[in-house]
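Participant:
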Amino acid sequence: MNIVSAIILTAALLMIIAGMFCLVRTYNLIRIIIAIELAMKAITLLLVFSGWVNGNLALAQTFVITMIVLEVIVAVVAAGIIVSLYRKNGNVDIRELTNLKG
Amino acid sequence: MITFATISFLGLPLLAILLLNIVRKETGGTISINIGFVVSIIQMIAAVVCLSLLWLHGKDFIEFSLFWDMNATLGSARFSVDLFSLVVLFCIGMVSLASLLTAKKTIGAKALNYTNLLMVIMLGMNGIAVVTDLFSLYVFLEITGIASFVMIALLHDKRGLEGAFKYLVMSAIASALILGSLALIFTQTGSLVYGDVANALADWRNAQYAPLLVVAFVAFIAGFSIKAGIAPFHGWLPDAYQSAPASVSVLLGGIVTKMAGVYAIIRVLNSVFVSMPMINQTLLILGLISIVFGAVAACGQRDFKRILAYSSISQIGYIIIGIASGSLLGFVGAMLHFFNHATFKTTLFVNSAAVEAQTGTTDIDQLGGLQARMPVTAVSSILAFLSMAGIPPLAGFWSKLLIIIAVWQSASVAGGAIALAASIFTAAYFLILQRKVFFGPLEDHLTEITEAKGTISLAAVLLSIVTVAFGVLFPVILNFLHLQGIL
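Protein chains in written order, with my numbering: chain X, -1 to 100; chain S, 7 to 493.
Take a look at the structure:
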């Protein structure tokens, strides 16, 4: 494993850890979406890296473009749900989401 | 004939989405539901036609593409249907039909939006059933997921939005795990087509990035376990099922989580990770945890739909241990339990929809003695629960028997014993629910309740007929599979 791949993998890992840390620590719904997006950006980096390693960069690029489209749709749906929740609850605090319990 | 049948799996929902966006929003409700009926019935017919053509020509699978040349270049998507995917395509048609029959009575003004989203979800699930590469699998998983988040929040109520948001966050984490592991696998293989990946991974221990591949396998199992709602990863599932509108619960509980999680696991395990016993062992343990946890947790619930959600976790565990046993018998058992679970869990969710529509609640403490007032619902729910608990001669008994024998023979005796013992808990929560909702004296405020007439009862009756017929005719089916050389 050469130095460039080590750097890219470390960067991706750090981004994933940052995203997951944010996901665990925050109570704000919008920050949760940002955390997920951050982790997904790391995955994008990993996909490009894998294309570079095996020499199929064109295929990896098509994957990345498709993935960005899907990820944006998820973010839009999430934002729509957060707006509706804000209209119902008056805030974006995840501790308010306790209507469903077993 | 065969081209038409195969293309209809992906082309028909697409066409229906176009049609549904032409009709006027004010008057389109009934028309849209009828278009949905046509699509789901054609899908069931197409699955049966493909199945018979498959046997007529003696082929194992049929390859097709939508409107591109599937042999053109590297990376062009190529679809394929085989026995298992045709069985699940039939299930998708059946559950969508039941969901539409329920929606006709319960969805009201949202009919057009509901049918549109149903078509998207059908497109996504059919896609999961027919794809042959891992990246397209991810794309269709996301399509299914996104449509289900919107469907759960369809009525814009507080609970629905909460359930949808929980599902969305867990599903996004699962997607990140799956896609991350795909990236790591792609590093090694240079292609994500099932066959190529299987070949490249045959000797993965000597690969350049072997430790990364281990990370990839772990992330892969974790991601699909979240999508399937297997026990340690199940947090979102009861909330999503409970909060969704009645007809959407039918769809989610009947088929969506099973397609997005269980079918994907089975397909990948069968065609990509072919000779990796450690993945099978991991799934066996996860499946056993799921079986026991789901059944025990279901005993403590007080909501009709929530009990069904926990029982889904438990039953999905059975499918998973069947496939994790690694033998052909286990695979056939898992396939049949997949079909049976789709039938009886859909029946039960249709029944919960009938109870909710007539009484306005799904809280079992407020219900009681409905047997006399709602005979069709009561009888069909008893049949479905007996099938789920594995009482002969109903369908669930046979598939559970095959799975337990397969686990006993080829994986571990202790696993088979645990799975067998957990059936008792299935009977326990079944008895709690039946006694609280349908048996016993009629509650005072429920004396005016009548049977849910029309399409909801029709759906319950049709699905009960399938459950009973499949159980009674099961030896014939098994014999047929044997003659075809499958078992």
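Where is the CB? At the ideal position from N, CA and C, for every residue including glycine.
(1) Between the Cα of Cys20(X) and those of Ala33(X), Glu69(X) and Gly88(X), spot the shortest distance and give me the residue it belongs to.
(2) Measure from the C-beta of Arg165(S) to each C-beta in chain X and report whether the shortest distance is under 8 Å.
(3) Compare the C-beta of Ile1(X) with all C-beta atoms of chain S and state if any pair is closer than 8 Å.
(4) Where do the ends of the alpha helix (DSSP H) carrying Val22(X) lie?
(5) Arg312(S): buried (16+ other C-beta within 10 angstroms of its C-beta) or exposed?
(6) Assuming contact is defined by CB atoms lying nearer than 8 Å, are Ala189(S) and Leu45(X) in contact in what I supplied?
(7) Hey, would you say Tyr496(S) sits closer than 8 Å to Ala304(S), going by beta carbons?
(8) Verify the CB distance criterion: does Thr150(S) have a CB-CB separation below 8 Å to chain X?
(9) Report the neighbours of Ala76(X) on chain S: residues whose CB is nearer than 7 Å to its CB, in chain order.
(10) For Arg308(S), tell me which candidate among Asn346(S), Ile438(S) and Gln214(S) has the shortest Cα-Cα distance.
(11) Indicate whether at least one CB of chain S lies closer than 8 Å to the CB of Phe61(X).
(12) Distance cutoff 8 Å, beta carbons only. Does Val51(X) sit that close to anything in chain S?
(13) Within 10 Å of its beta-carbon, does Leu2(S) have 16 or more other beta-carbons around it, so buried, or fewer, so exposed?
(14) Whole angstroms is fine: what's the gap from Val356(S)'s alpha carbon to Phe223(S)'s?
(15) With H, G and I counted as helix, E and B as strand and the rest as coil, what does DSSP make of Phe226(S)?
(16) Assuming contact is defined by CB atoms lying nearer than 8 Å, are Pro19(S) and Met125(S) in contact in what I supplied?
(17) If we define contact as Cβ-Cβ less than 8 Å, is His240(S) a contact residue for chain X?
(18) Nearest to Ala266(S) by alpha carbon, out of Tyr120(S), Ser142(S), Pro447(S) and Ser197(S)?
(19) Taking buried to mean at least 16 other C-beta atoms within 10 Å of its own C-beta, is Pro244(S) buried or exposed?
(20) Is Val179(S) close to chain X, meaning its C-beta is less than 8 Å from at least one C-beta of that chain?
(21) Give the list of continuous alpha helix (DSSP H) stretches no shorter than 4 residues that lie fully inside the segment 233 to 294 of chain S.
(22) Taking C-alpha atoms, which residue in Leu129(S), Phe96(S), Lys164(S) and Asp139(S) lies nearest to Gly151(S)?
(23) Is the distance from the Cβ of Leu140(S) to the Cβ of Leu198(S) below 8 Å?
(24) Below 8 Å on the Cβ atoms is my guess for Val203(S) versus Ala359(S); work out the distance and round it to an integer in Å.
(25) Does the Cβ of Met284(S) have 16 or more other Cβ atoms within 10 Å, making it buried, or fewer, making it exposed?
(26) Along the segment 7 to 18 of chain X, what residues have a CB closer than 9 Å to any CB found in chain S?
(27) Taking only three categories from DSSP, how would you classify Asn212(S)?
(28) Along chain X, which residues have their Cβ under 8 Å away from the Cβ of Gln248(S)?
(29) Compute the Euclidean distance between the alpha carbons of Val302(S) and Phe431(S), then round it to the nearest angstrom.
(30) For the segment 453 to 468 of chain S against the segment 365 to 385 of chain S, are there 3 or more C-beta pairs whose distance is under 8 Å?
(31) What residue does the beta strand (DSSP E) around Asp88(S) start on, and which one ends it?
(32) Residues in the same chain with beta-carbon distance under 7 Å from Leu408(S), minus the five sequence neighbours each way, listed in chain order, please.
(33) Taking only three categories from DSSP, how would you classify Ile455(S)?
(34) Taking Ser249(S) and Gly166(S) to be in contact with their CB atoms under 8 Å, please state how far apart those CB atoms are, rounded to whole angstroms.
Facilitator: Per the coordinate set shown:
(1) Comparing alpha carbon positions, the residue from Ala33(X), Glu69(X) and Gly88(X) closest to Cys20(X) is Ala33(X).
(2) yes
(3) no
(4) Ile1 to Arg23
(5) buried
(6) yes
(7) Here chain S has residues from 7 to 493 only, and residue 496(S) is not among them.
(8) no
(9) The answer, in chain order, is Leu174.
(10) Ile438(S)
(11) yes
(12) Closer than 8 Å to some Cβ of chain S, the Cβ of Val51(X) qualifies, so yes.
(13) This structure leaves residue 2(S) out entirely; chain S is present only between 7 and 493.
(14) 37 Å
(15) helix
(16) yes
(17) no
(18) The shortest Cα separation from Ala266(S) among Tyr120(S), Ser142(S), Pro447(S) and Ser197(S) belongs to Ser142(S).
(19) buried
(20) The question names Val, but residue 179(S) in the sequence shown is Ile. Cβ-Cβ to chain X under 8 Å: yes for Ile179(S).
(21) 242 to 249, 252 to 257 and 270 to 277
(22) When each option's Cα is compared against that of Gly151(S), the closest is Leu129(S).
(23) yes
(24) Wrong, their Cβ atoms sit about 41 Å apart, outside the cutoff.
(25) exposed
(26) Leu7, Ala10, Ile14, Gly17 and Met18
(27) helix
(28) Leu98
(29) Looking at the two C-alpha atoms, the distance is approximately 6 Å.
(30) yes
(31) Phe85 to Asp88
(32) Setting aside the 5 residues that flank it on each side, Leu408(S) is surrounded in the same chain by Leu335, Val338, Gly339 and Leu342, each with a C-beta closer than 7 Å to its C-beta; the list follows chain order.
(33) Coil.
(34) 5 Å
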